[in-house]
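Visitor: This is the structure I have questions about; it appears just below.
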Amino acid sequence: MYHTLLFLHLLSAFIAFVTVVMFGAYVLGAPMGKIGFRIADISWNVSGAGLLIFGIWLALYVHGYEIWDGWILGALGLFIVASAFGAWARTGVVETMAGTSETSMRRVAAWHWLRTLSLLGILALMIWKPGA
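Position one of the sequence shown corresponds to residue -3 (our numbering), numbered consecutively onward.
What follows is the structure in structure tokens.
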């Protein structure tokens, strides 16, 4: 059971980085049509659900880990922050694609890179588990 939960949790993390790579290419100047944007958007939603469900399940399943461990709470907090940054970046891209706003590409890029840093922070917490 542990290995299955861990696999699904890691698979969700890889799917999250699909969004990071696609948005990263977009903010660096690569064209992203509506289909590419949709793939990135769906990837973020699917990965978020998987990360939360399987991550919390793992924390409850593994003896020695508790949901209130500092590194787990830190990862959950960073996930909320990453989701907010991603939502702001997404809004900027949607408005730009729809032509309803002159959202600055610099602003979209800033939100995207902040989301990326948040995800890297989560990754660091998952690898080193400070305090565990």
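Using N, Cα and C, we set each Cβ at its ideal position, and we do this for glycine too.
Every value quoted in this text rests on a predicted model; they were computed, and no experiment measured them.
#1: Suppose you measure from the CA of D65 to the CA of G95; what does that come to, to the nearest Å?
#2: Can you tell me whether S39 is buried or exposed, with buried defined as 16 or more other CB within 10 angstroms of its CB?
#3: Span of the alpha helix (DSSP H) holding H(-1)?
#4: Could you tell me if S114 is buried or exposed, where buried requires 16 or more neighbouring beta carbons within 10 angstroms of its beta carbon?
#5: Rounding to the nearest angstrom, what Cα-Cα distance links A80 and M(-3) in this structure?
#6: How big is the Cα-Cα spacing for L119 and H5?
#7: Given this structure, state the Cα-to-Cα distance separating M122 from G51, to the nearest angstrom.
#8: Check whether the region 11 to 26 touches the region 103 to 111, taking contact to mean three or more Cβ pairs, one atom from each stretch, closer than 8 Å.
#9: Note down the Cα distance separating V14 from V89, rounded to an integer number of angstroms.
#10: Suppose you measure from the CA of E91 to the CA of G82; what does that come to, to the nearest Å?
#11: When you compare the CB positions of S43 and A9, do they come within less than 8 Å of one another, or not?
#12: Buried or exposed: which applies to I68, given that a residue is buried once 16 or more other Cβ atoms fall within 10 Å of its Cβ?
Guide: A quick look at the data gives this:
#1: 45 Å
#2: The residue is buried, with at least 16 neighbouring Cβ atoms inside 10 Å.
#3: -2 to 23
#4: buried
#5: 32 Å
#6: 12 Å
#7: 10 Å
#8: yes
#9: 17 Å
#10: 14 Å
#11: yes
#12: buried
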